[in-house]
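Numbering (mature numbering (1 follows the signal peptide of the UniProt record, and there is no 0)), first residue to last: -28 to -1, 1 to 71.
All residues carry an ideal CB built from backbone N, CA and C; glycine is no exception.
Given the structure is predicted, the values throughout are model-derived calculations rather than measurements.
Report on the structure given below.
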């Protein structure tokens, strides 16, 4: 009986350890971009992936992200340093504009 329990435990642990090694379907995170947005083509491609707010902040740490409902001044900036985002129901960025 003890050997059977030990064998079942060993199989269960082996299966659990294999699931931790699964790396399929893990999206590669883009490298952080320092400063303001200058490459609009790359930025638009990034937004087309519908990133989360955290993914945006990680990828563009120097760009101020203004989600809907957040108070912000409305002065015009011409350096692409502040992005007013549009979010979908899941909280992912689906568009927006620089202001």
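Taken atom to atom, the span from the alpha-carbon of residue 47 to that of residue 71 is near 7 angstroms. Residue 21 sits in coil when the DSSP states are folded into three classes, being neither helix nor strand. In its chain, beyond the 5 residues on either side, 2 and 31 have a beta carbon closer than 7 angstroms to the beta carbon of residue 18. When the Cα atoms are used, residue 67 and residue 61 turn out to be separated by approximately 13 angstroms. In this structure, the beta-carbon distance from residue 55 to residue 25 does not fall below 8 angstroms. Contact annotation, residue 8 with residue 51: C-beta distance approximately 5 angstroms; criterion of less than 8 angstroms satisfied. Within the same chain, Cβ atoms closer than 6 angstroms to the Cβ of residue 15 are found at 9, the five residues on either side in sequence being excluded.
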